[in-house]
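Below is one structure, written out as structure tokens; the observations come after it.
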Amino acid sequence: MELSDQLQDQERTKELSITDTKDALKFQSLALPNGMIGNMFGPGKKHDAGMLAYSGLLHLLQQHAVSPFGQPMCIYGDPAYPPNAFQKYGSYT
1 MELSDQLQDQ ERTKELSITD TKDALKFQSL ALPNGMIGNM FGPGKKHDAG MLAYSGLLHL
61 LQQHAVSPFG QPMCIYGDPA YPPNAFQKYG SYT
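Residue numbers (the UniProt record's numbering): 1 to 93.
Okay, structure coming up:
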């Protein structure tokens with residue numbers, strides 16, 4: 001193998017390690033129906049469910065996410081998050 005081929009392989013390995021999920025910083029946000037971001041948390045390196053727990057968002061929802069009629073409001077998520085009273089899964093259409 002020539003030196004230039006070895007250098008290309010090293011560069012390719014560096015590129016792959018950059019895209020590795022272990023090296024990434026994650027952010028989570030809660031988008032409101034009007035397109036605004038209602039909550040932003042990060043950076044973190046935990047799984048989605050771990051970041052949700054650490055962010056304190058569920059506690060905030062418990063305190064403040066109540067409709068004018070007194071019913072608890074919810075957010076839509078995916079099955080990666082643990083079930084709770086404030087999350088619904090699947091399509092909302």
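In this text, a Cβ means the ideal position worked out from N, Cα and C, and glycines have one as well.
Being a predicted model, the structure only gives us computed values, none of them experimental.
Taking a 10 Å sphere around the C-beta of Met-73, we find fewer than 16 other C-beta atoms and assign the residue as exposed. For Met-51, the enclosing alpha helix (DSSP H) stretches over residues 48-55. Judged by beta-carbon spacing, Gln-28 lies within the 9 Å limit of Gly-42, meaning their Cβ atoms are closer than that value. Scanning Gly-44, Pro-82, Ser-55 and Phe-69 for the CA closest to the CA of Leu-25 turns up Gly-44.
The C-beta distance from Leu-52 to Leu-58 rounds to 7 Å, short enough to meet the 8 Å contact threshold.
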